[in-house]
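Each residue of the sequence shown is one higher than the last, beginning at 1 in the UniProt record's numbering.
The next block holds one structure in the form of structure tokens; read it before the comments.
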Amino acid sequence: MAMHQLPPELVVRIFESLTSVSDILSLSLACRYFNNLLTKSQKLSLFFIAMDKEIGPMEDILQLLTQNNNQVLHLHRSPPLSFTLLAQANTIARVADRFAKLYPSFRWAESKSAQRRSLDDREARRLRRAVYRFWSYTQAFYAKLAPRPIRLDMLAATERLQLLRTWCTDDLYELEDLRWTFEQLLASEICPTDGEIFSRISDDTRLSNTLFQSSSRRNLAASSMAIENIFHSSRNTQELDRNKPTIQELRFRHMQGWGSDLQNFYLVQSFLKCTPAQILWLYDNTVIKQDVEQFIELQTHDPCFFESNSMLFHDWVTVLHARGIDVQKAREAIWSGSAGITRRTGGPLCEDDS
1 MAMHQLPPEL
11 VVRIFESLTS
21 VSDILSLSLA
31 CRYFNNLLTK
41 SQKLSLFFIA
51 MDKEIGPMED
61 ILQLLTQNNN
71 QVLHLHRSPP
81 LSFTLLAQAN
91 TIARVADRFA
101 KLYPSFRWAE
111 SKSAQRRSLD
121 DREARRLRRA
131 VYRFWSYTQA
141 FYAKLAPRPI
151 RLDMLAATER
161 LQLLRTWCTD
171 DLYELEDLRW
181 TFEQLLASEI
191 CPTDGEIFSR
201 ISDDTRLSNT
211 LFQSSSRRNL
221 AASSMAIENI
231 FHSSRNTQEL
241 DRNKPTIQEL
251 RFRHMQGWGS
261 DLQNFYLVQS
271 FLKCTPAQIL
281 WLYDNTVIKQ
291 DVEQFIELQT
301 HDPCFFESNS
311 MLFHDWVTVL
321 HARGIDVQKA
331 REAIWSGSAG
341 ITRRTGGPLC
351 EDDS
């Protein structure tokens, strides 16, 4: 029997069994009968279910997308589903998916490179969840989304802690795993120390770098547009000519040092106020120090950006202490792989992992 001769109930069950958006679209477009069988609301529900499996947890994406100044941040929000919301979720997910591919090279760098491997499906889901929650934190407390009322430091700290307290301990381990990996990316790629730069290059290369930096003033005025629009076009230009050096290769040759190890530490903490999309844009587009500084100026409009640091690690420590957890042992467990995104063993899994 041909599929288009099947009873509608069976075809609906087939639609419900599909696990990817592309499969649902393909079946819908197979014939007019299939395309008209499901209502718009039914299709929308199936798309959200499929996207949760592909790019989820969708719940965390929705909490990120529905942040606003009129609701308490840590309370659960249930927005009405729409195709517009679906498109916005896909935009967010593309950033998280890219970090799932970059994560192994920074998580297992240098001495641990022998352990490097791709993430399996469950690990990729944990990483995406950590990206969405890191993004929620930075967007709520640092991003210039909309003017927030002036609040006392104590009230702001309470809001941050309330947000972290809504996440289980395993989720907080994943968040610290991601934050620490972002530190490695930023310290090695975006703001390396003077010593790191000195160890990379020879005297001849230093001369060529000086010439390159004096002649190269890459125009980043486009950064004033929405970060989402910039981000989506950032990788396409690199694929036009595979023989040209990549942005990462150019940055390795031409990036200047940002100071001592101590200065580097505080700079990285400042950069951790950026959203994952902004961090990824810096990784994909900046070559020299002026590129980074111009992007930060255009995106934040904050002349004191480097004078304040992210409070995420401090808040993470505070919440774990309140739960009676030894923070140093927790971090050692994350570094060793017994906790966090790529955990081999550990405590009870969160509900999303079961």
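Yeah, the Cβ is synthetic: ideal placement off N, Cα and C, and Gly gets one too.
Quiz item: Under a three-way DSSP split, which group does Met255 fall into?
Solution: coil
Practice problem: State the Cα-Cα distance for the pair His74 and Leu172, rounded to the nearest angstrom. | Solution: 15 Å
Self-check item: Whether Leu85 touches Val131 by CB criterion (8 Å)
Solution: no
Quiz item: Nearest-angstrom Cα distance between Thr19 and Glu54?
Solution: 8 Å
Self-check item: Residue span of the alpha helix (DSSP H) that contains Gln290, given as start and end
Solution: Lys289 to Thr300
Quiz item: Between which two residues does the alpha helix (DSSP H) carrying Ser336 extend?
Solution: Val327 to Ser336
Practice problem: Along the alpha helix (DSSP H) that carries Asn68, what are the first and last residues, could you check? | Solution: It is not in any alpha helix (DSSP H) - Asn68 carries neither H nor E in the DSSP assignment.
Quiz item: When burial is assigned at 16 or more other CB atoms within 10 Å of the CB, is Tyr283 buried or exposed?
Solution: buried
Exercise. Taking only the alpha-carbon atoms, compute the straight-line gap between Ile197 and Gly257 and give it to the nearest angstrom.
Key: 6 Å
Quiz item: Within 10 angstroms of its Cβ, does Cys274 collect 16 or more other Cβ (buried), or is it exposed?
Solution: buried
Quiz item: So Gln263 is in the alpha helix (DSSP H); what residue range does that whole segment cover?
Solution: Asp261 to Phe271
Practice problem: Give the single residue among Trp316, Pro104 and Gln5 whose Cα lies nearest to the Cα of Leu119. | Solution: Pro104
Quiz item: Excluding the five sequence neighbours on either side, which residues of its own chain have a C-beta within less than 7 Å of the C-beta of Asn35, listed in chain order?
Solution: Ser28 and Leu29
Practice problem: Rounded to whole angstroms, what's the CA-CA distance from Trp180 to Thr342? Just pull it up for me. | Solution: 13 Å
Quiz prompt | Glu93 to Arg13 span [Cα, whole Å] | solution = At residue 93 the sequence reads Ala, which differs from the Glu that was named. Between Ala93 and Arg13, the C-alpha separation is close to 27 Å.
Quiz item: What span of residues does the alpha helix (DSSP H) with Thr91 cover, start to end?
Solution: Phe83 to Arg107
Quiz item: Which two residues bound the contiguous alpha helix (DSSP H) that contains Lys53?
Solution: Lys40 to Ile55
Practice problem: Tell me whether Pro79 is buried or exposed, calling it buried when 16 or more other Cβ atoms sit within 10 Å of its Cβ. | Solution: exposed
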